[in-house]
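Engineer: In order, the protein sequences belong to chains A and B.
For the first sequence, the working numbering gives the first residue as 1, with consecutive numbering after it.
For the second sequence, the working numbering gives the first residue as 1001, with consecutive numbering after it.
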Amino acid sequence: MEVTREDVQRCALLTHLSLGEEEIEPMRRAMTQLLSHAKSLDALDLEGIEATTHGQDLPLPRRGDEPREGLSQTEALENAPAQEHGHFQVPKVL
Amino acid sequence: MKPGFEAVIGLEVHVQLLTRSKMFCACRNEYGGKPNSHTCPVCLALPGALPVMNGEAVRMAIAFGLAVHGEIREASPFYRKQYFYPDLPKGYQITQGPVAIVEEGWLEISGKKVRIERAHLEEDSGKSSHELSETSSHVDLNRAGVPLLEIVGGPDLRSPQEAYDYLKTMHHLVTYLGICDGNMEEGSLRCDANVSVRREGESAFGTRVEVKNLNSFRNVKLALEYEIERQIELVERGEAFGQETRGWDADKGETRSQRSKEAAMDYRYFPEPDLPTLRVTPEEIEAVRASMLELPEARRARFIETFGLTDYEAGMLLQSRAFADYFEALAQASGSGKQACNWMLGELSRTLNGRNIGIEALGLHPEALGELIRLVEARTINLNTAKESVFPALLAGEGSAAQIVEAKGLAQVSDLGAIQALVEGVLAAHPEQLAQLKGGNVKLRGFLVGQIMKQGKGKVNPQLVNEVLDASLAHG
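(1) Among the candidates B:V1465, B:K1002, B:I1151 and B:N1461, whose CA atom is the shortest distance from the CA of L1448 of chain B?
(2) With hydrogens ignored, establish whether the beta-carbon of F1327 of chain B is closer than 7 Å to any heavy atom of the ligand GTP.
(3) For a cutoff of 8 Å on Cβ pairs, would you count G20 of chain A as touching chain B?
(4) Kindly indicate the opening and closing residues of the alpha helix (DSSP H) around N1036 of chain B.
(5) Leaving out the 5 sequence neighbours to the left and right, which residues in its chain are closer than 8 Å to E1424 of chain B when beta-carbon positions are compared?
(6) Could you name the residues that DSSP lists as bridge partners for C1191 of chain B?
(7) Apart from the five residues on each side of it in sequence, which residues of its chain come closer than 8 Å, Cβ to Cβ, to N1183 of chain B?
(8) Checking contacts by CB at 8 Å: is H54 of chain A closer than that to chain B?
(9) Who does T1255 of chain B pair with in a DSSP beta bridge?
(10) For N1054 of chain B, which residues in chain A fall below 9 Å Cβ to Cβ?
(11) Could you tell me whether the Cβ of V90 of chain A comes closer than 8 Å to any Cβ of chain B?
(12) Please tell me whether R958 of chain B and R1237 of chain B are closer than 8 Å, where the distance is taken between their beta carbons.
(13) Between the segment 1156-1164 of chain B and the segment 1306-1314 of chain B, are three or more C-beta pairs nearer than 8 Å?
(14) Which ranges would you report for the beta strand (DSSP E) in the segment 1292-1331 of chain B if only whole runs of at least 3 residues count?
(15) For my contact list, S1128 of chain B and V93 of chain A are in at a C-beta cut-off of 8 Å; report their separation, rounded to the angstrom.
(16) Where does the unbroken beta strand (DSSP E) through E1108 of chain B begin, and where does it stop?
(17) Hey, does P81 of chain A have any beta-carbon neighbour from chain B nearer than 8 Å?
(18) Identify each residue in the segment 1031-1062 of chain B for which the Cβ-Cβ distance to at least one residue of chain A is less than 7 Å, and report them in chain order.
(19) Mark M1 of chain A as exposed unless 16 or more other C-beta atoms lie within 10 angstroms of its C-beta, in which case mark it buried.
(20) If you measure beta-carbon to beta-carbon, which residues of the segment 1074-1107 of chain B are closer than 7 Å to chain A?
(21) Under the three-state reduction of DSSP, which class applies to R1080 of chain B: helix, strand or coil?
(22) Can you tell me which of B:F1323, B:A1049 and B:I1381 puts its alpha carbon nearest to the alpha carbon of Q1403 of chain B?
(23) Quick one: which unbroken beta strand (DSSP E) runs of 3-plus residues sit fully inside the segment 1137-1168 of chain B? Chain order, please.
(24) With a threshold of 8 Å on Cβ separation, who are the neighbours of M31 of chain A within its own chain once the five nearest residues in sequence on each side are excluded?
(25) Give the secondary structure of A988 of chain B by DSSP, where H, G and I count as helix, E and B as strand, and everything else as coil.
(26) Measure from the alpha carbon of L1416 of chain B to the alpha carbon of each residue in B:E1467, B:E1367, B:A1428 and B:A1333, then state which is nearest.
(27) Which residue marks the beginning of the beta strand (DSSP E) containing A1119 of chain B, and which one marks its end?
(28) Give me the DSSP bridge partner(s) of Q1093 of chain B.
(29) Tell me where the alpha helix (DSSP H) around Q1451 of chain B begins and ends.
(30) Where does the unbroken alpha helix (DSSP H) through Q1433 of chain B begin, and where does it stop?
(31) In three-state DSSP terms, what is K1212 of chain B?
(32) Specify the secondary structure class of P1366 of chain B as computed by DSSP and reduced to three states.
(33) If you measure beta-carbon to beta-carbon, which residues of the segment 1018-1030 of chain B are closer than 7 Å to chain A?
(34) Consult DSSP for M31 of chain A and reduce its assignment to one of helix, strand or coil.
(35) What residue range does the beta strand (DSSP E) around P91 of chain A cover?
(36) For V1139 of chain B, is the classification buried or exposed, using 16 other Cβ atoms within 10 angstroms of its Cβ as the cut-off for buried?
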């Protein structure tokens, strides 16, 4: 399972990480190692075993549809790096 | 559409579920309000906060599935769909993956079955505004985490009109079921379309374009008309075009390519580790089925059968659940389904349209109107008097129908002697017309009846007037 430089760059783009040129190669090696390790699971004979998405097969708990007071506007915005007009302020996206 | 071509259209409809709280937290699910005033650590995606499923959203999804004859999946896991956008604080949307809670249903539009491939539960994003300043965008997370049902229709629609009809029918169904308020202006129901064209007789699909931002019935039709025309032109010129996403610009009346960064389209779905698989038992499905109201299709058939209405009338009465409920109460109170229907589609609709309100806001109890209809049926007053004098007074709260008739002295004169005198008086006053009528000018009968009714100030029983007039003519 050989990860390429391009794979690393694509992943960085998707996850919004900016990798320096010198970080690409170590990352490529680490990802190759990680995926190769996971790949070793393919050697197991899984015939007749149902695919699962979770470790434990518990039913999804559900709550009643009762609204509760949450945070105030001030509290909600408290940790925002920037705020304006009661909104989270972010770089122009359009 | 240009002859020789055919359009293939499938709609994706996002329905905001009418729960009281959000999908995975207990914040209020309410449109508007101060920005960022309906939030909590879960919908703000603060570290360590965990989602807990709203049971009511599941019930609504099952109800929808049953209403569209769909399969309710016993197990449908949640997934994370990952992308970056400022109004998605977690960096991923919780949605469903390969298995949706509802699959393989259908919706009937004008006798045609349109497949519903799937309907899955997911959370809404927050809202970004770009108009508040020149230099930055602003995010309101009140909508983040509101439950959505995304309904994916099959590629079975063949014209903008069919797409329009499908959306209307879908809108009617979800509002009727009470699972969505249907307010398209507020974004409670949103629609995207997948559309391609092909030459008639071809079985392969053409290149598919997704058109977004179709947020009114009218825009769905206009945008599809425009887009189909555009694609046909390209095909005719032999120009190849790729699969893309286009946005509808209602002001300019055109669709425009939305730059899509290809890499950004990789959502890297994986099972949501914070939520075990959603499981629904057959018993739960049956319980939802048992609690559901009669569906529009069944109710329409029953209206036709029980009250002897036409298909058109039944359809009009089912314009909303409240309207249909009012009709049933009125049919009961008045003792006549047919008359109740006439009032609903006549005077009541005119009043509602004039005031631009729904039946809920009219403030007239069906019992009160039922009494008025009974007075007409019993010939205590005639229909004109009921419509022109009593109904407005009833709306104005001047008392019960009987009290108004009494107070205004509107009761019909059914006293034979009085009518006889009235008829004779009118005939004596119009000897010329009488002679012409006897000479065969039958049109003058209507004139004379009109004179008699006028003399009787509209209160005489028209049937008795006719009988007495016939007798007088026969004898005289």
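The beta-carbon is built from N, C-alpha and C at its ideal position, and this holds for glycine as well.
Structural biologist: Per the coordinate set shown:
(1) With distances taken between Cα atoms, L1448 of chain B lies closest to B:V1465.
(2) This structure lacks the ligand GTP, and indeed carries no ligand of any kind.
(3) Output row for G20 of chain A: interface = no.
(4) Taken as a continuous stretch (DSSP letters only), N1036 of chain B belongs to no alpha helix (DSSP H), as it is neither H nor E.
(5) These residues qualify, in order along the chain: S1472.
(6) According to the DSSP secondary-structure assignment, C1191 of chain B is paired through a beta bridge with B:V1013.
(7) Excluding positions up to five away in sequence, the list reads Y1031 and L1189.
(8) True, the Cβ-Cβ gap to chain B drops below 8 Å.
(9) Under DSSP, T1255 of chain B forms a beta bridge with B:W1248.
(10) The contacting residues are R62, R63, G64 and D65.
(11) V90 of chain A has a beta carbon lying within less than 8 Å of a beta carbon in chain B.
(12) Examination of residue 958 of chain B is not possible in this model, given that chain B is present from 1001 through 1476 alone.
(13) Cβ pair count under 8 Å is below three, so no.
(14) Scanning the segment 1292-1331 of chain B for uninterrupted beta strand (DSSP E) segments of 3 residues or longer gives nothing; none is fully contained.
(15) Cβ-Cβ separation between S1128 of chain B and V93 of chain A: approximately 6 Å, consistent with a contact (criterion under 8 Å).
(16) Counting along the chain, E1108 of chain B sits inside the beta strand (DSSP E) bounded by residues V1102 to I1109.
(17) Cβ-Cβ to chain B under 8 Å: no for P81 of chain A.
(18) Of all residues in the segment 1031-1062 of chain B, the ones placed with a Cβ closer than 7 Å to any Cβ belonging to chain A are K1034, P1035, N1036, S1037, H1038, T1039, C1040, L1044, V1052, M1053, N1054, G1055, E1056 and V1058, in chain order.
(19) Of the residues assessed, M1 of chain A falls on the exposed side of the cut-off, its CB having fewer than 16 other CB atoms within 10 angstroms.
(20) Those residues of the segment 1074-1107 of chain B that come within reach of chain A (Cβ to Cβ, closer than 7 Å) are P1077, F1084 and P1086.
(21) Correct three-state label for R1080 of chain B: strand.
(22) Nearest in C-alpha terms to Q1403 of chain B, of all of B:F1323, B:A1049 and B:I1381, is B:I1381.
(23) Correct list: 1147-1153.
(24) The beta carbon of M31 of chain A sits closer than 8 Å to those of V3, D7, V8 and C11, all from its chain and outside the five residues before and after it, given in chain order.
(25) This structure does not reach residue 988 of chain B, given that chain B is present from 1001 up to 1476, and the question cannot be answered.
(26) Per the Cα distances, B:E1467.
(27) Element bounds for A1119 of chain B: K1112 to E1123.
(28) For Q1093 of chain B, which the question treats as bridged, DSSP gives the partners B:K1081.
(29) First-last of the alpha helix (DSSP H) with Q1451 of chain B: K1443 to Q1455.
(30) The continuous alpha helix (DSSP H) containing Q1433 of chain B extends over residues P1431 to K1438.
(31) Three-state result, K1212 of chain B: strand.
(32) P1366 of chain B carries a helical assignment under DSSP once its states are collapsed to helix, strand and coil.
(33) Of all residues in the segment 1018-1030 of chain B, the ones placed with a Cβ closer than 7 Å to any Cβ belonging to chain A are T1019, R1020, S1021, A1026, C1027 and R1028, in chain order.
(34) In the three-state scheme derived from DSSP, where H, G and I count as helix and E and B as strand, M31 of chain A is classed as helix.
(35) Counting along the chain, the unbroken beta strand (DSSP E) around P91 of chain A starts and ends at H87 to P91.
(36) V1139 of chain B is buried by the Cβ-count criterion.
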